[in-house]
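Numbering (this note's numbering), first residue to last: 570 to 633. Built from N, CA and C at the ideal position, the CB exists for glycine as well. Owing to the predicted nature of the structure, the values given are computational and were not obtained by experimental measurement. Report on one structure; see the data block that follows.
Structural data, given as C-alpha cells:
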C-alpha cells in the first residue's frame, strides 16, 4: 500500500530515443509504502531493475 507520494522527477536530459524512432522521457515516481505483498519482477522489456530503497538513503531532487 502506498501511503504517500514523496516526489515525481523528470528532466529534459532524461529523453530516451528508441531505434524505431519513438521517444519518451523517463519519469521517477517515489512513494512511501508501509505494506507490500507479492514479488516485484523484471519483465525484460520495460524494466531493467527493481528494488526497495530505505527512506534514509533516499535523495530528493530539487529544481534550482
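The stretch 605-623 contacting the stretch 574-592, beta-carbon criterion three pairs below 8 Å: Taking 8 Å as the limit for Cβ pairs, the verdict is that the stretch 574-592 does not touch the stretch 605-623.
Considering only C-alpha positions, which residue in the set 580, 573, 599 and 572 is nearest to residue 626? Taking the chain shown and counting its residues from 1, one reaches residue 626 at position 57. Nearest C-alpha to residue 626: 599.
What are the partner residues of residue 586, as DSSP defines its beta bridges? Mapped onto the chain shown, residue 586 falls at position 17. Residue 586 pairs with 592.
Rounded to a whole number of angstroms, what is the C-alpha to C-alpha distance between residue 604 and residue 572? Along the chain shown, one-based indexing puts residue 604 at 35. Along the chain shown, one-based indexing puts residue 572 at 3. Their Cα atoms are separated by approximately 9 Å.
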